[in-house]
Amino acid sequence: MSKPPRSPLLPLETALAQLLAALDGRQLRTEMCSTLQADGRVLAQQVVSALEVPPQDNSSMDGYALRCADVAPGRALPVSQRIPAGSQGAPLQAGTVARIFTGAPIPPGADAVVMQEDCQEVPGTNASSPAIQVQTQPQVGQWIRRRGEDVTLGSTVLQSGSRLGPAALGMAASVGLAQLQVACKPRVALFSTGDELVMPGTVAPQDMVPGSIYNSNRFFLAALLRRMGCEVTDLGIVPDRLDATVQALRDAAQVHDVVLTSGGVSVGEEDHIKPAVQQLGQLDLWQIAIKPGKPFAHGRVDAAHFIGLPGNPVSSFVTFLLLVRPFLLRMQGVQDVALPSQPMRADFDWPRADRRQEFLRVKRNAQGGLDLFPNQSSGVLTSVVWGDGLLDNPPGRTIARGDMVQCISLGDLLG
Ligand code: AMP
Ligand code: MG
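Residue numbering for the sequence shown follows my numbering, beginning at 211 and increasing consecutively.
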């Protein structure tokens, strides 16, 4: 009997487009969040400034505010006022200077600041009113930070759909916002399948029975989910029985947006995830043309999305970054979820072409090129710990030392 033809592999792009299409028409859930707590959240409003930043011309130095035209070699200029940051100066009297400090408003009439290092104190007309001599001729505008040079009134300083980082939080605060409207965190239930799995902490390494391995996927998947701004419910290892799997899935789907599992999505595998999801909802099993990776499942259980990742740790890690990451970001309203990659030089040979798109674990070296981790097996998590990038190698392509390749920085994906 001839073997059934192998189903064609799905290109990554197609798989991603189909996965993201499952979010079309979905209503974005939003909430207000303290700006102080909003790092990593996705903004669900435009931030428009209701003021100018800085609000007034101010000094960028400790020194003296003056009119340039008053400065002449050897001329002593009396200090007529003192303006610390937080106070407002009076109009500057002609022929005098104002002692001024960084951040203090420039008094009306002054057109430059001279830093104190360029001035010499000289006796004034009396002991209580000092004077200064300016040692170099100032330029109009020097050491003055102009009103609105950072932000102008009415300008959009942060875009809806952008992911907030430390600088964005500072910007929101600088235009006076203590609260921001953000996307709600996706609620994700995570569980692992596989009778070989043992939770670290429950059995000591020397007591592990042959055939058992520690559940590593749970740890990096929970961490990856949190980095993507999710609220994670860790359901641990679900017992390898259909009734237990159905129960876990059904319960998780009631109160989560996504149910994420790892393991048991290989073709022909005797596992309970597939029948359980099919019993409760609908399931698509994909063979994606990527390496590591390949098996990937997407479906629905009631209102929740189901995503099944392969069990091999590197496959699980990489498919998360390639597919689940953009899915979770889009769920929070991020439009641009493309993988950020840069051209880099390969400092190694990769002579065996693969029919799948490969994501090789690489690391940038001191010469600005890429080194390859010697073992690219999908079970070798050491490659991901060692590496700082994924080299995106198109199907059928070999690499010769010195070739330019596309590399995705892991730092860019994990941020
Ligand atoms: P599976 O996708 O279930 O066929 O698993 C593929 C390989 O990944 C097997 O060698 C499993 O033992 C391993 N594996 C599955 N789940 C995990 C996990 N949570 N942690 C570590 N290895 C796993
Ligand atoms: Mg398994």
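Positions of the beta carbon are idealized from the N, C-alpha and C atoms, including for glycine.
Whole-angstrom Cβ separation of residue i and residue j, contact assumed at under 8 Å?
i, j, result
"residue 507", "residue 493", "6 Å"
"residue 257", "residue 368", "4 Å"
"residue 314", "residue 297", "7 Å"
"residue 261", "residue 386", "7 Å"
"residue 378", "residue 372", "7 Å"
"residue 426", "residue 523", "5 Å"
State the start and end residues of the unbroken beta strand (DSSP E) segment that holds residue i.
i, result
"residue 307", "307 to 310"
"residue 366", "366 to 368"
"residue 469", "468 to 472"
"residue 517", "514 to 519"
"residue 582", "579 to 582"
Looking at the ligand MG, does it come within less than 7 Å of residue i, judged from the CB to the closest heavy atom?
i, result
"residue 606", "no"
"residue 529", "no"
"residue 404", "yes"
"residue 446", "no"
Given this structure, state the Cα-to-Cα distance separating residue i from residue j, to the nearest angstrom.
i, j, result
"residue 265", "residue 357", "5 Å"
"residue 239", "residue 436", "18 Å"
"residue 334", "residue 341", "5 Å"
"residue 413", "residue 588", "25 Å"
"residue 394", "residue 463", "17 Å"
"residue 439", "residue 590", "27 Å"
"residue 614", "residue 417", "48 Å"
"residue 584", "residue 403", "29 Å"
"residue 514", "residue 268", "54 Å"
"residue 560", "residue 601", "11 Å"
"residue 405", "residue 376", "42 Å"
"residue 163", "residue 274", "Because the chain here runs from 211 to 625, residue 163 falls outside it and cannot be looked at."
"residue 249", "residue 384", "16 Å"
"residue 573", "residue 535", "21 Å"
"residue 432", "residue 528", "14 Å"
"residue 364", "residue 295", "26 Å"
"residue 577", "residue 599", "16 Å"
"residue 569", "residue 396", "27 Å"
How about residue i and residue j: are their beta carbons less than 8 Å apart?
i, j, result
"residue 500", "residue 567", "yes"
"residue 349", "residue 322", "yes"
"residue 374", "residue 251", "yes"
"residue 498", "residue 220", "yes"
"residue 312", "residue 287", "no"
"residue 468", "residue 254", "no"
"residue 328", "residue 263", "no"
"residue 611", "residue 563", "no"
"residue 382", "residue 245", "yes"
"residue 304", "residue 317", "no"
Hey, is residue i close to the ligand AMP, as in C-beta under 7 Å from one of its heavy atoms?
i, result
"residue 520", "yes"
"residue 524", "no"
"residue 270", "no"
"residue 619", "no"
"residue 636", "Residue 636 is absent from the structure shown; the chain starts at 211 and stops at 625."
Starting from residue i, follow the alpha helix (DSSP H) in both directions and report where the run begins and ends.
i, result
"residue 621", "620 to 624"
"residue 178", "Residue 178 is absent from the structure shown; the chain starts at 211 and stops at 625."
"residue 463", "452 to 465"
"residue 380", "376 to 384"
"residue 595", "592 to 596"
"residue 527", "523 to 529"
Please confirm whether any heavy atom of the ligand FAD lies closer than 7 Å to the CB of residue i.
i, result
"residue 219", "This structure simply doesn't include the ligand FAD; it includes the ligand AMP and the ligand MG instead."
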